[in-house]
Amino acid sequence: MQYDVIVIGGSYAGMAAALQLLRARRRVLVIDAGQRRNRFADHSHGFLGQDGADPAEIAATARRQLDAYPTLTWIDGRAETATGQKDDFIVSMQDGAQHRGRRLLFATGVSDTLPAIDGLQDRWGVSVFLCPYCHGYELDRGRIAVIATGPMSLHQAQLLPEWGEVTLFTNEAVTLDDAARADLEARGVAIEPTPIARIAGEADVVLSDGRRLRFAGIFTASRNAPATPVAQSLGCALSETPFGTQIQTDEAKQTSVPGAFACGDAARVPHSLSLAVADGAWAGASLHRSLVWPDA
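For reference, each letter of the sequence shown is one residue, going 8 to 303 in my numbering.
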């Protein structure tokens, strides 16, 4: 069987795209490895109509809604490679199965590489965060730590005083010039140059000199890359962002390979659930148009 579209990645962006295509009565296969990026978080904030909801329940509700459409096929599994060309793509699975589709959509999400600090990864999505719009309000104006990973961390430290009292830990990852220091001081940001030894408790920063500083929450900038190399296996170009790499797309969400599209965190910055859903919806509509007008 040849599907109209194979969607690789069944999280928010992938399901939003699939919904547009299913409502156009297209045959859609969604392949999902079950690794939502926000699987560590108990609550999702900033998504209109779902503020404070469990992100797992948001995903489950969306899946139930997709299941109501008879042209949907859903496979729980991991896509390993993609080959072929427009109107004749082949997706090979980890279990050896192969699936054919006229169009591909990569909605794989991204991986997050955090600073190599003991205890940081264990608290990711719980008391260590990336986005203040998603998690800042719940810190209730408490003390906030920003752990630097590079130049973009300066922007985090400049923004976060909107949500609480901020300390920037340079942690030998960034050098501040006089202008940056003056700007941070004007915003009330404390600068701590002592390296971090580990993270303890809920959000305590333990320094190499033995001091232990307690915070309501910690923010840091992860480095991102597509969660799987399946798009690269097809030859899709990547582009650099201040946060890492993403799949390169045009305004219609088409990659460098004709007939292959990408959306969500793997194909745009900045990242949030709301933006992923919007990006997926636009990708789904663009995909449908490419089937209706294949030579456009």
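Backbone N, C-alpha and C define an ideal beta-carbon position, used for all residues, glycine too.
Straight-line Cα distance separating VAL135 from ASP129: Walking along the sequence shown from the start, residue 129 turns up at place 122. Walking along the sequence shown from the start, residue 135 turns up at place 128. Going from the Cα of ASP129 to the Cα of VAL135 covers about 9 Å.
Contained alpha helix (DSSP H) runs [length at least 4] in the region 141–199, N- to C-terminal order: 159–166 and 185–193
Cβ neighbour criterion (16 or more within 10 Å) applied to LEU233: Counted from its first residue, the sequence shown places residue 233 at position 226. Going by the sequence as given, residue 233 is Pro instead of Leu. Per the 10 Å Cβ criterion, buried.
ALA220 - DSSP class collapsed to helix/strand/coil: Taking the first residue of the sequence shown as 1, we reach residue 220 at position 213. The residue asked about is misnamed: residue 220 is Leu in this sequence, not Ala. Here LEU220 sits in strand by DSSP.
For ALA89, the first and last residue of its enclosing beta strand (DSSP E): If you number the sequence shown from 1, residue 89 lands on position 82. Start and end: 86–92.
Rounded straight-line distance, which links the Cα of GLY149 to that of TRP5: Summary: the structure shown does not reach residue 5, with the chain confined to residues 8 through 303, and so no result is reported for it.
C-alpha distance - ARG44 paired with HIS142, whole-angstrom precision: Locating residue 44 in the sequence shown gives position 37, where the first residue counts as 1. Locating residue 142 in the sequence shown gives position 135, where the first residue counts as 1. Roughly 15 Å separates the two Cα atoms.
8 Å Cβ cutoff met for VAL253 and ALA244: Residue mapping note: residue 253 aligns to position 246 of the sequence shown, counting from 1. Residue mapping note: residue 244 aligns to position 237 of the sequence shown, counting from 1. Per the sequence shown, the amino acid found at residue 253 is Gln instead of Val. Not a contact, by the Cβ cut-off of 8 Å.
Within 8 Å, strictly: CB atoms of SER279 and TYR140: For the purposes of this step, residue 279 is taken as the residue at position 272 of the sequence shown. For the purposes of this step, residue 140 is taken as the residue at position 133 of the sequence shown. In contact: SER279 and TYR140 (Cβ atoms closer than 8 Å).
DSSP-derived helix/strand/coil call for VAL133: For this step, residue 133 is matched to residue 126 along the sequence shown. DSSP places VAL133 in coil when its eight states are reduced to three.
Contact set for ALA66: own chain, Cβ-Cβ below 8 Å, skip 5 residues either direction: Reading the sequence shown from its first residue, position 59 is the one you call residue 66. Here the set comprises SER18, TYR19, MET22 and ARG43.
Residues near GLY91 by beta carbon distance below 6 Å, same chain, minus five either side: Residue mapping note: residue 91 aligns to position 84 of the sequence shown, counting from 1. These residues qualify, in order along the chain: ILE97.
LEU161 vs ILE198 beta-carbon contact at 8 Å: Walking along the sequence shown from the start, residue 161 turns up at place 154. Walking along the sequence shown from the start, residue 198 turns up at place 191. The answer is no: Cβ separation not under 8 Å.
Candidates GLU179, HIS106, ARG34 and ALA48: closest to GLU145 by CA position: Numbered from 1 along the sequence shown, position 138 holds the residue referred to as residue 145. Minimum Cα distance to GLU145 is reached at ALA48.
Whole-angstrom C-beta distance between LEU167 and PRO226, which should lie under 8 Å: Residue numbering aside, residue 226 sits at position 219 when the sequence shown is read from its first letter. Residue numbering aside, residue 167 sits at position 160 when the sequence shown is read from its first letter. Reading the sequence as shown, one finds Phe at residue 226 and not Pro. That pair is a contact at about 6 Å.
For THR115 and ARG46, the rounded distance between their alpha carbons: Translated into the one-based positions of the sequence shown, residue 46 becomes position 39. Translated into the one-based positions of the sequence shown, residue 115 becomes position 108. Cα to Cα, ARG46 sits roughly 14 Å from THR115.
Candidates ARG71, GLY41, ARG221 and ASP94, of which the one nearest ILE13 by Cα: Walking along the sequence shown from the start, residue 13 turns up at place 6. If we check each option's Cα against that of ILE13, ASP94 comes out closest.
Secondary structure, alpha helix (DSSP H): runs of 4+ residues fully inside the region 18–92: 19–30 and 62–74
C-beta atoms of ALA164 and VAL196 nearer than 8 Å: Here residue 164 refers to the residue found at position 157 when the sequence shown is read from its first residue. Here residue 196 refers to the residue found at position 189 when the sequence shown is read from its first residue. Yes; because the gap between Cβ atoms is below 8 Å, this pair is in contact.
contact_flag[the region 101–109, the region 59–77] where n(CB pairs < 8 Å) is 3 or more: Between the region 101–109 and the region 59–77, the count of C-beta pairs closer than 8 Å stays below three; the two stretches do not touch.
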